[in-house]
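J.: My numbering numbers the first residue of the sequence shown as 25 and each following residue consecutively. Virtual Cβ for every residue (Gly too), placed ideally from N, Cα, C.
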Amino acid sequence: MGAINDIRVYEILKKLSEQNVKPHIIFMVLRLHEDEKLHRGIELVSNGFDATDVYNTIELLVVKGDLTRYGKRTKITDKGRSILKLIGEIIAIAERIVIE
């Protein structure tokens, strides 16, 4: 994967924002599934995450092929595992710029 220019990064981040995609929710949904077991969104909702954010993210990840649906439960795919790894790398970079 090659480097992308600033304009492309801007466009991607803007598109995520316009689509109401919350990267931290994507991370939490994929992390929940990291154990290779079947899961339901209610597991995150019962831990205080917003239901709309969780369920919209799950639907997005199913459509994109990062999760596979089995009835009301979902399971991570190989693609989802690679996305989770990339998100981990992004978090490591973001830690350098986040002001606490």
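Going along the chain, which residues of its own chain have a beta-carbon closer than 8 Å to the beta-carbon of THR101, five neighbours each way excluded?
T.: GLY89, ASP90, LEU91 and THR92
J.: With 16 as the cutoff for other CB atoms within 10 Å, does ALA118 come out buried or exposed?
T.: ALA118 is exposed by the Cβ-count criterion.
J.: Just to confirm, are ASP77 and LYS46 a CB contact at a threshold of 7 Å?
T.: yes
J.: Kindly indicate the opening and closing residues of the beta strand (DSSP E) around LEU91.
T.: 91–94
J.: If you drop the 5 nearest sequence neighbours on each side, which residues of the same chain put their C-beta closer than 6 Å to that of VAL33?
T.: none
J.: By the three-class DSSP mapping on this structure, what secondary structure does THR98 have?
T.: strand
J.: Could you tell me the alpha carbon to alpha carbon distance between ILE121 and ILE36, rounded to whole angstroms?
T.: 18 Å
J.: Between which two residues does the alpha helix (DSSP H) carrying HIS57 extend?
T.: 47–57
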